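First up is the structure itself, then whatever we jot down about it.
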Amino acid sequence: MSENEFQNLMEVSWRRPLTSQEERTLKNFLTAHPAARVIWEEDLALNRMVARLPDAPVSTNFTAQVLQAVARETAREVRQKPGIISWLKRNWIPRIAIAGLFICAGLVSVQEYRAVKRAQLARDVAAVSSAATFPQGWLEDFDAINRLSQPPVDNELLAALE
Amino acid sequence: MATNLDPDAALMLRVKRGDVHAFEELVEKYKQPVINVITRTLRDQTEAEDLAQNVFVQVFKSAHRYQVTAKFSTWLFTIARNLCLNEIRRRSRHPADSLETSQGGNEDLPARQFEDVNTFSPRENVLQGELEQKVQAALNELPEKQRTAMALCRQDELSYEDISEVLECSLSATKSLIHRARETLKEKLKPYLRTGAWKDGEN
Numbered sequence: 042m043s044e045n046e047f048q049n050l051m052e053v054s055w056r057r058p059l060t061s062q063e064e065r066t067l068k069n070f071l072t073a074h075p076a077a078r079v080i081w082e083e084d085l086a087l088n089r090m091v092a093r094l095p096d097a098p099v100s101t102n103f104t105a106q107v108l109q110a111v112a113r114e115t116a117r118e119v120r121q122k123p124g125i126i127s128w129l130k131r132n133w134i135p136r137i138a139i140a141g142l143f144i145c146a147g148l149v150s151v152q153e154y155r156a157v158k159r160a161q162l163a164r165d166v167a168a169v170s171s172a173a174t175f176p177q178g179w180l181e182d183f184d185a186i187n188r189l190s191q192p193p194v195d196n197e198l199l200a201a202l203e
Numbered sequence: 500m501a502t503n504l505d506p507d508a509a510l511m512l513r514v515k516r517g518d519v520h521a522f523e524e525l526v527e528k529y530k531q532p533v534i535n536v537i538t539r540t541l542r543d544q545t546e547a548e549d550l551a552q553n554v555f556v557q558v559f560k561s562a563h564r565y566q567v568t569a570k571f572s573t574w575l576f577t578i579a580r581n582l583c584l585n586e587i588r589r590r591s592r593h594p595a596d597s598l599e600t601s602q603g604g605n606e607d608l609p610a611r612q613f614e615d616v617n618t619f620s621p622r623e624n625v626l627q628g629e630l631e632q633k634v635q636a637a638l639n640e641l642p643e644k645q646r647t648a649m650a651l652c653r654q655d656e657l658s659y660e661d662i663s664e665v666l667e668c669s670l671s672a673t674k675s676l677i678h679r680a681r682e683t684l685k686e687k688l689k690p691y692l693r694t695g696a697w698k699d700g701e702n
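If you read the sequences in order, they're chains C and H.
Residue numbering for the first sequence follows my numbering, starting at 42 and increasing by one per position.
Residue numbering for the second sequence follows my numbering, starting at 500 and increasing by one per position.
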């Protein structure tokens, strides 16, 4: 048996007692390698110490308590109907998708608003530019017409003021 | 696959279909190993049972997600270890809190009833108790991963491969963890190993 096999046997002994075949192999190895005996005996003593540690105490009604806890959990889950809100709370992917949808809708709205504004501005500019191209002669008699609409000069009043 | 189905996995498949009796069987079978591992990992007997209860509730709640790809015991101890790590993290954030106080609202639950398992004579009890304390203290001083590895190593149903899966590390790393833990224990318990305390005819 090699050193590696000795190590393997030690690893086996950490988990379970050795079989008679394994014990025989080990005995032969220890006879041939007396130095390994000390290591083996220490390891064996530790195995015994750890194995003798008592189990942690468990209350006799532990299973009943677990079943009660499970029943409480089940009842709570039934009360909390699996509505869309709780589904969204549990799943982050749809939450991100819905948030993305809202952001996209917001961006589209802003774009649409800007397009409408631009179209309106274009219409106004077009109206102004069309007003600037009156047919020739339209403004020729402007001064005369403007004067007609003014009240006649009151000469008597002017003389009195003087 | 159905012919080689792990009996625990078969029970778990029944739990998946809502069979509470199958769940009860699993709790009965695994309550002691789970509480042992949690006690060794947390170094706290009083809170181990509450956490073990949470482990089984978690198993029941996650039953619908259970796949028969791994052994049930490996899956169970992985849940137990994750809850232990959460608890250790929680304690490091809120050192004064105890799990007992955070579980308010359970006043209607029956009080815990412990069985008296001491069957030694008073003199044997003293010796046994002292040595146990020394071994327990040495175990408690190990780092968390080594402590858990040692605790899992005592579970017959777990192979080294299963333990490495629970600890989320390679097989060689797991063996090395156990080896290092044992070397530390040997160093600390040397006087007791030399005097042959607890020596008996067993292997």
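Note that CB positions come from ideal geometry on N, CA and C, so glycine has one too.
Note that the structure is predicted; figures quoted are calculated from it, not measured.
Beyond the five residues adjoining it in sequence on each side, C/R78 comes within less than 6 Å, by CB distance, of L71 in the same chain, given in chain order. For C/V119, no Cβ of chain H is located within less than 8 Å of the residue's own Cβ. C/N69 is the residue among C/Q152, C/W55 and C/N69 whose C-alpha sits nearest the C-alpha of C/S43. Not a single C-beta of chain C is nearer than 8 Å to the C-beta of H/N639. In the three-state scheme derived from DSSP, where H, G and I count as helix and E and B as strand, H/S675 is classed as helix. When Cβ-Cβ separations below 8 Å define contact, H/N581 makes no contact with chain C. Look at the region 89-108 of chain C: the residues with a C-beta under 8 Å from a C-beta of chain H are R89, M90, V91, A92, R93, L94, P95, D96, A97, P98, V99, S100, T101, N102, F103, T104, A105, Q106, V107 and L108. Here H/E664 is buried: its Cβ has 16 or more other Cβ atoms, across all protein chains shown, within 10 Å.
When the five nearest sequence neighbours on each side are left out, the beta carbons in the same chain lying within less than 7 Å of the beta carbon of H/L670 are those of Y659, E660 and S663, in order along the chain. Counting along the chain, the unbroken alpha helix (DSSP H) around C/S61 starts and ends at S61 to A73.
The DSSP-derived three-state label of C/S100 is strand.
H/F555 places its beta carbon less than 8 Å from that of H/V526.
The three-state reading of DSSP puts H/K633 in helix, counting H, G and I together. With a threshold of 8 Å between beta carbons, H/Q544 makes contact with chain C. Chain H has no Cβ within less than 8 Å of the Cβ of C/A76. Inter-segment contact for the region 582-589 of chain H and the region 131-145 of chain C is absent: fewer than three beta-carbon pairs are separated by less than 8 Å.
Note that the region 569-584 of chain H does not touch the region 683-691 of chain H; fewer than 3 beta-carbon pairs, one per stretch, sit closer than 8 Å. Within a 10 Å sphere around the beta-carbon of C/A168 sit fewer than 16 other beta-carbons, which makes this residue exposed. Nearest to C/A110 by C-alpha distance, out of H/Y565, H/T568 and H/E548, is H/E548.
A residue is called buried when at least 16 other Cβ atoms come within 10 angstroms of its Cβ; C/Y154 does not meet this threshold and is exposed. When 7 Å is used as the limit between beta carbons, C/R56 is near these residues of chain H: C652, in chain order. Counting C-beta atoms within 10 angstroms of its own C-beta, H/V536 has 16 or more neighbours from the protein chains shown and is therefore classed as buried. Interface criterion not met: the Cβ of H/E629 is under 8 Å from no Cβ in chain C. If you check each beta-carbon in the region 524-552 of chain H against every beta-carbon of chain C, the ones closer than 7 Å belong to V526, E527, K530, Q531, I534, N535, T538, Q544, A547, E548 and Q552. For the set H/P642, H/E643 and H/T673, the Cα lying nearest the Cα of H/L657 is the one of H/T673.
Within chain H, R681, L684, K685, L688 and L692 have C-beta atoms less than 8 Å from the C-beta of C/L87, given in sequence order. Look at H/G517 here: in three-state DSSP terms it is coil, with no helix or strand label.
Residues of chain H with a Cβ closer than 8 Å to the Cβ of C/A140 do not exist, since the nearest Cβ in that chain sits about 27 Å away. Within the same chain, Cβ atoms closer than 8 Å to the Cβ of C/E63 are found at L50 and V53, the five residues on either side in sequence being excluded. Judged by beta-carbon spacing, H/A680 lies within the 8 Å limit of H/L641, meaning their Cβ atoms are closer than that value. Counting along the chain, H/Q645 sits inside the alpha helix (DSSP H) bounded by residues E643 to C652. Judged by DSSP in its simplified three-state form, C/R93 adopts coil rather than helix or strand. CA-CA distance, C/S190 to C/D182, rounds to 13 Å.
H/K560 belongs to the set of residues whose beta carbon lies under 8 Å from a beta carbon in chain C. With a threshold of 8 Å between beta carbons, C/V53 makes no contact with chain H.
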